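Colleague: Can you keep this structure in mind? I'll have questions shortly.
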Amino acid sequence: MTIFQMILLVFLIVCAIAVSFSRNLLNSVLIFMSYSLIMSIIWICLESPDLAITEAAVGAGVTTILFITTLKKIHAMGAEDKKTKTNALEVEREAEEHE
Amino acid sequence: MSKLKQTQDYEKTASFKFFRWISGEKDPYIGTIEMQEQSEHQVEDDTITERMWEKQMIIDEIYDVDHNRILTKFHKLYKIAAVLFCVALTFFLLLTVSYLPRTGNAANPDNNEVAQRYIESGLQETGAVNIVSGMILTYRAFDTFGETNVLFIATVCVMILLMVDEKTLEERSEARLNSGRIKDDIILQMTAKFLVPFILIFGIYVILNGQNSPGGGFSGGAILGAGLILYANAFGIKPTQRFFNEKVYRIAKVSALCMYGCIGLYYYTMGANHLADHIPNGIPGHILSGGIILPIDICVGLEVACTMYAFYALFKRGGL
């Protein structure tokens, strides 16, 4: 196993962990897309170009588009930032009331 | 919400009459048989009070979370048991992995005569230079047919769930036009104008050259679908509908699946009865070679491209 493949595998693990820890849904979709991209490069290194083409087209392309379309449909893009802002405002208000 | 049909058209169909008869709206016995009228069901007062008492008892004794000792104990035990279960599961899985044979060992059970046969006489029997294509589209064409059916059923399900009728579609597109968002993004349009022809030609190449080079129906279809999605995203749905509308989609999808079924059926019947199939294998390496691989590749590619684009269009606006 070359150093290049090792770096790719480390990236893969980092991506997989980062998806589950990311709060923003759009961010996790983008990380998932980069995961697929790295995976397709690994498929080429493992000498299976068939899978690499499919992974790049389906995993990185179409699935991401479907996820983003769904996020837009359910109005989840940008909604979480607003929510955290309103939460912070509420916390501040409560703190003022206590004082 | 599924597609709506005109009520007058629907009332003429046989299925409407059949379901009206099933649901009992048109009872053939009415007017011909003498029947007793049923009295309305009445609930007694005692049962009502009993029910209320039971409900109050349940709320008092079970859902009083703060004072229920058994419940708090259960929650603590639940957490400990969950952690223990996870640890035990990981342990047993790792134990199983340690018993697996090493990869690449010559004595492994996956190194049997099947793989040897594919590698040694695959080129001769299927005429495909690309062993993977030759394997999944001739030896295992039946599996691939099942996968294609799965794609077909998946799109049908998405259509049932997300498709809307034409009136709602028009209203939605008008609302989107009036919402005043940026529509014609010049960067996206110029990029798409440059890229889409190359993507589509590459997809067609991957499909047609599936027996000679890496790729085949699934990969090429996915590339074609991605190109179509990029075009529809950049220029809107109207220019896309000039060459890919619901009619084209329906014809392509159904005829591709049927053609795959017919080719597979012919090939299997001939092979099972030891008859010669009249599909020439051709010279390996040429574009017209590989027997049934090329037509099946085209069928699968059409099916996958239609699926990808239909998913996008149905998710985006609820119609093709």
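Those sequence lines, one after another, are chains A and B. Positions 34 to 132 (the numbering used here) are the ones given, in order, by the first sequence. Positions 245 to 564 (the numbering used here) are the ones given, in order, by the second sequence. Cβ atoms here follow ideal geometry from the backbone N, Cα and C, with glycine treated the same way. Keep in mind it's a predicted model, so treat the numbers as computed, not measured.
The alpha helix (DSSP H) spanning B/H518 covers which residue range?
Modeller: In the second sequence, counting from the first residue as 1, residue 518 of chain B sits at position 274. Segment: none, B/H518 is in no alpha helix (DSSP H) and carries neither H nor E.
Colleague: Check for me: the alpha helix (DSSP H) holding A/M110 runs from which residue to which?
Modeller: Indexing the first sequence from 1 puts residue 110 of chain A at position 77. Segment: none, A/M110 is in no alpha helix (DSSP H) and carries neither H nor E.
Colleague: Following the continuous alpha helix (DSSP H) through A/S55, name the residue where it begins and the one where it ends.
Modeller: Along the first sequence, read from residue 1 onward, the residue named residue 55 of chain A stands at position 22. Unbroken run through A/S55: none, as it is neither H nor E.
Colleague: Output yes if chain A places a C-beta closer than 8 Å to the C-beta of B/Y383; else output no.
Modeller: The count along the second sequence starts at 1 and reaches residue 383 of chain B at position 139. No, no contact with chain A.
Colleague: When you compare the CB of B/F396 with every CB in chain A, is at least one pair closer than 8 Å?
Modeller: Counting from one through the second sequence, the residue named residue 396 of chain B turns up at place 152. It does not; no Cβ of chain A falls within 8 Å.
Colleague: Does B/V327 come within less than 8 Å of chain A when only Cβ atoms are used?
Modeller: In the second sequence, counting from the first residue as 1, residue 327 of chain B sits at position 83. Output row for B/V327: interface = no.
Colleague: From B/P524 to B/N517, what does the alpha carbon distance come to, in whole angstroms?
Modeller: Mapped onto the second sequence, residue 524 of chain B falls at position 280. Mapped onto the second sequence, residue 517 of chain B falls at position 273. Those two C-alpha atoms are separated by around 18 Å.
Colleague: Run down chain A in chain order and give the residues with a C-beta less than 7 Å from the C-beta of B/K560.
Modeller: Sequence index remark: in the second sequence, residue 560 of chain B carries index 316 (1-based). Neighbours of B/K560 on chain A, chain order: T102.
Colleague: Determine, using beta carbons only, whether B/Y362 comes closer than 8 Å to chain A.
Modeller: The residue given as residue 362 of chain B occupies position 118 in the second sequence. No, its Cβ sits nowhere closer than 8 Å to a Cβ of chain A.
Colleague: I'd like to know whether the C-beta of B/F479 is nearer than 8 Å to at least one C-beta of chain A.
Modeller: Taking the second sequence and counting its residues from 1, the one referred to as residue 479 of chain B is at position 235. False, the Cβ-Cβ gap to chain A never drops below 8 Å.
Colleague: Suppose you measure from the CA of B/K560 to the CA of A/H108; what does that come to, to the nearest Å?
Modeller: For this step, residue 560 of chain B is matched to residue 316 along the second sequence. For this step, residue 108 of chain A is matched to residue 75 along the first sequence. Those two C-alpha atoms are separated by around 13 Å.
Colleague: If contacts are defined as beta-carbon pairs under 8 Å, then B/L540 and B/A372 qualify, I think. What distance do you get, rounded to the angstrom?
Modeller: What you label residue 540 of chain B is simply residue 296 of the second sequence in a count that begins at 1. What you label residue 372 of chain B is simply residue 128 of the second sequence in a count that begins at 1. The sequence given here has Ile at residue 540 of chain B, not Leu. Incorrect: roughly 11 Å between the Cβ atoms, too far for contact.
Colleague: Under 8 Å between C-beta atoms, does B/F236 make it to chain A?
Modeller: Absent from the structure is residue 236 of chain B, since the part of chain B shown begins at 245 and ends at 564.
Colleague: Thinking just about the alpha-carbon of each residue, which of B/I531, B/Y510, B/E490 is nearest to the one in B/D521?
Modeller: Taking the first residue of the second sequence as position 1, residue 521 of chain B is located at position 277. Residue B/Y510 is the option with its Cα nearest to B/D521.
Colleague: Does any residue of chain B bring its CB to less than 8 Å from the CB of A/T87?
Modeller: Numbered from its first residue, the first sequence carries residue 87 of chain A at position 54. Judged by the 8 Å Cβ criterion, A/T87 is in contact with chain B.
Colleague: Is the shortest distance between the beta-carbon of A/V91 and the beta-carbons of chain B less than 8 Å?
Modeller: One-based indexing of the first sequence puts residue 91 of chain A at position 58. It does: the Cβ of A/V91 has a partner Cβ on chain B nearer than 8 Å.
Colleague: Determine, using beta carbons only, whether B/F389 and B/G464 come nearer to each other than 8 Å.
Modeller: Taking the second sequence and counting its residues from 1, one reaches residue 389 of chain B at position 145. Taking the second sequence and counting its residues from 1, one reaches residue 464 of chain B at position 220. Contact: no.
Colleague: What is the rounded straight-line gap between the Cα of A/P82 and the Cα of B/G459?
Modeller: Taking the first sequence and counting its residues from 1, one reaches residue 82 of chain A at position 49. Taking the second sequence and counting its residues from 1, one reaches residue 459 of chain B at position 215. Straight-line Cα distance between these residues: approximately 7 Å.
Colleague: What do you reckon, are the CB atoms on B/V440 and B/L474 nearer than 8 Å?
Modeller: The sequence position of residue 440 of chain B within the second sequence is 196, counting from 1. The sequence position of residue 474 of chain B within the second sequence is 230, counting from 1. Contact: yes.
Colleague: Using a beta-carbon distance below 8 Å, is A/V95 in contact with chain B?
Modeller: Within the first sequence, the letter at position 62 stands for residue 95 of chain A. Judged by the 8 Å Cβ criterion, A/V95 is in contact with chain B.
Colleague: Take B/A398 as the anchor and find which of B/S342, B/F555, B/A325, B/I324 has the nearest alpha-carbon.
Modeller: Walking along the second sequence from the start, residue 398 of chain B turns up at place 154. Comparing Cα positions, the closest option is B/F555.
Colleague: Roughly how many angstroms lie between the CA atoms of B/L546 and B/L315, to the nearest whole one?
Modeller: Translated into the one-based positions of the second sequence, residue 546 of chain B becomes position 302. Translated into the one-based positions of the second sequence, residue 315 of chain B becomes position 71. Their Cα atoms are separated by approximately 58 Å.
Colleague: If B/L571 and B/V400 are in contact, beta carbons under 8 Å, what's the gap, nearest whole angstrom?
Modeller: With chain B covering only 245 through 564, there is no way to say anything about residue 571 of chain B.
Colleague: Run through DSSP, which three-state label would B/Q286 get?
Modeller: Residue mapping note: residue 286 of chain B aligns to position 42 of the second sequence, counting from 1. In the structure shown, B/Q286 sits in coil (DSSP, three-state: anything other than H, G, I, E or B).
Colleague: Going straight from the alpha carbon of B/V358 to that of B/L338, what length do you get?
Modeller: The residue labelled residue 358 of chain B in the question sits at position 114 within the second sequence. The residue labelled residue 338 of chain B in the question sits at position 94 within the second sequence. In a straight line, the C-alpha of B/V358 is about 30 Å away from that of B/L338.
Colleague: What is the C-beta distance between B/A419 and B/G469, in whole angstroms, given that I count them as a contact (C-beta under 8 Å)?
Modeller: Mapped onto the second sequence, residue 419 of chain B falls at position 175. Mapped onto the second sequence, residue 469 of chain B falls at position 225. Their Cβ separation, rounded to whole angstroms, is 27 Å, which puts B/A419 and B/G469 out of contact at 8 Å.
Colleague: Give the range of the alpha helix (DSSP H) segment to which B/G378 is assigned.
Modeller: If you number the second sequence from 1, residue 378 of chain B lands on position 134. 375-378 is the span of the alpha helix (DSSP H), which, as asked, contains B/G378.
Colleague: Does the CB of A/I98 have a neighbour CB from chain B at under 8 Å?
Modeller: Within the first sequence, residue 98 of chain A is the residue found at index 65, counting from 1. Taking Cβ atoms only, chain B reaches closer than 8 Å to A/I98, which makes this a yes.
Colleague: Among B/G508, B/I537, B/I445, B/I404, which one has its Cα closest to the Cα of B/G562?
Modeller: Against the second sequence, residue 562 of chain B aligns to sequence position 318. Checking every option, the nearest Cα to that of B/G562 belongs to B/I404.
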